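Numbering (the numbering used here), first residue to last: -4 to 118. Even for Gly, the Cβ is constructed at its ideal location relative to N, Cα and C. Since the structure is predicted, the reported quantities are computational estimates derived from the model, not experimental observations. Below you'll find the structure, written out as structure tokens, and then a few comments.
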């Protein structure tokens, strides 16, 4: 089983200017194997690991996570295409994660879907 750091050890590693990039990258992949995507992304960002960031972006699309999609796109310095927002929104909606779906459809300015989700949230 890959090693998971305590909060304090992770904090110290992330703020250590002399941290070894390969070690940080390996932690990113270890956390990814544990499905700890936000933590993994923190490590990939610190290490500048484009491959890891792209993998998390792919997972954000598969899992319907608008927050990870937006963050990975920002790190990659690329806009989020409307097709990606729609895919994420539809996946989140299908999984009953209405707030995440709402976030994606607000980014698209899709008023019809926004109203549909708000209605679902009220019921």
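Around residue 112, the same chain offers 88, 93, 96, 97 and 100 as residues with beta carbons nearer than 7 Å, after the five sequence neighbours per side are excluded.
Per DSSP, reduced to three states, the secondary structure at residue 70 is helical. Under the criterion of beta carbons closer than 8 Å, residue 67 and residue 52 qualify as touching, at roughly 4 Å.
For residue 96, the enclosing alpha helix (DSSP H) covers residues 93 to 103. In the three-state DSSP reduction, residue 51 falls in the helix class (H, G or I).
In this structure, DSSP gives residue 61 a helical state, which the three-state scheme calls helix. Between the alpha carbons of residue 31 and residue 102 lies a distance of about 25 Å. Residue 6 carries a helical assignment under DSSP once its states are collapsed to helix, strand and coil. Counting the other Cβ atoms within 10 Å of the Cβ of residue 115 gives fewer than 16, which makes it exposed.
Burial of residue 35 is indicated by the presence of at least 16 other C-beta atoms within 10 angstroms of its C-beta. Rounded to the nearest angstrom, the Cβ distance from residue 64 to residue 79 is 6 Å, consistent with a contact under 8 Å.
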